[in-house]
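K.L.:
Could you have a look at this structure, given as structure tokens, before my questions?
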Amino acid sequence: MSSLFIYLLMFGIILYAVSYSAQRRGVQGPVDEDDPVKKPASRWFKAKRHPREVWIQVYETESREEAQMMQARLQEQEIECVIYEKGKKDIHGNMMNGLGVAVPKPMARQAQGVISRMPV
């Protein structure tokens, strides 16, 4: 009977030590794989921006060269931006042509300032 008590006591102490060390290291419980926001940040690879952040179109053009020039200008000012091609048709069935330049919502004001200062 006393040996059973000793084994249970040792098991409890070991369990407490493991949980205490895991808590100090910051190890979390299971993570939902479908939700990218709740995934733990890796030490080496971190997202630059929140994955669900809203991006805003700040420039529209028909020319790819003009869009790339705008992208280069914004990146010179260290404003993150993307060029995207508009969809095939809008909700009314009309064809959509052209490219857009989008930036993260917090950078929209700064990007519009850069665009407004560009020569025509």
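Quick note on numbering: my numbering labels position 53 of the sequence shown as 302, and the sequence is numbered without any gaps. Ideal placement from N, C-alpha and C gives every residue a C-beta, glycine not left out.
1. Candidates Arg313, Ala321, Ala266, Ile263: which alpha carbon is nearest Ile364's?
2. Quick one, which of Glu334, Leu323, Ile332, Asn343 has its alpha-carbon nearest Ala360's?
3. What is the rounded straight-line gap between the Cα of Val303 and the Cα of Lys354?
4. Taking Arg313 as the reference, which of Ala266, Glu329, Lys335 has the closest Cα?
5. Does Met367 pass the burial test, meaning 16 or more other C-beta atoms within 10 Å, or should it be called exposed?
6. Based on Cα-Cα distance, which residue from Met356, Met345, Tyr265, Ala316 lies nearest to Gln326?
7. Could you tell me the boundaries of the alpha helix (DSSP H) in which Ile263 lies?
8. Per DSSP, what are the beta-bridge partners of Val331 in this structure?
9. Counting only the same chain and skipping the five closest in sequence on each side, list residues whose C-beta sits under 6 Å from that of Tyr333.
10. For Met344, count the other beta carbons within 10 Å of its own beta carbon; 16 or more makes it buried, fewer makes it exposed. Which is it?
11. Measuring CB to CB, does Ala351 end up less than 7 Å from Gln317?
P.N.:
In brief:
1. Residue mapping note: residue 364 aligns to position 115 of the sequence shown, counting from 1. With distances taken between Cα atoms, Ile364 lies closest to Ala321.
2. Here residue 360 refers to the residue found at position 111 of the sequence shown. Its Cα nearest to that of Ala360, the residue Leu323 stands out among Glu334, Leu323, Ile332, Asn343.
3. Within the sequence shown, numbered from 1, the residue matching residue 303 stands at position 54. Within the sequence shown, numbered from 1, the residue matching residue 354 stands at position 105. If I take the Cα positions, the gap works out to 6 Å.
4. Position 64 of the sequence shown, counted from the start, is the residue given in the question as residue 313. Among Ala266, Glu329, Lys335, the Cα nearest to that of Arg313 is on Lys335.
5. For this step, residue 367 is matched to residue 118 along the sequence shown. It is exposed - the Cβ of Met367 has fewer than 16 other Cβ atoms within 10 Å.
6. In the sequence shown, residue 326 corresponds to position 77, counting from 1. Among Met356, Met345, Tyr265, Ala316, the Cα nearest to that of Gln326 belongs to Met356.
7. The count along the sequence shown starts at 1 and reaches residue 263 at position 14. Element bounds for Ile263: 251–274.
8. Translated into positions along the sequence shown, residue 331 becomes position 82. Per DSSP, Ala351.
9. For this step, residue 333 is matched to residue 84 along the sequence shown. Gly349.
10. By 1-based counting over the sequence shown, the position of residue 344 is 95. Met344 should be labelled exposed.
11. For the purposes of this step, residue 351 is taken as residue 102 along the sequence shown, with counting starting at 1. For the purposes of this step, residue 317 is taken as residue 68 along the sequence shown, with counting starting at 1. No, Cβ-Cβ distance for Ala351 and Gln317 is not below 7 Å.
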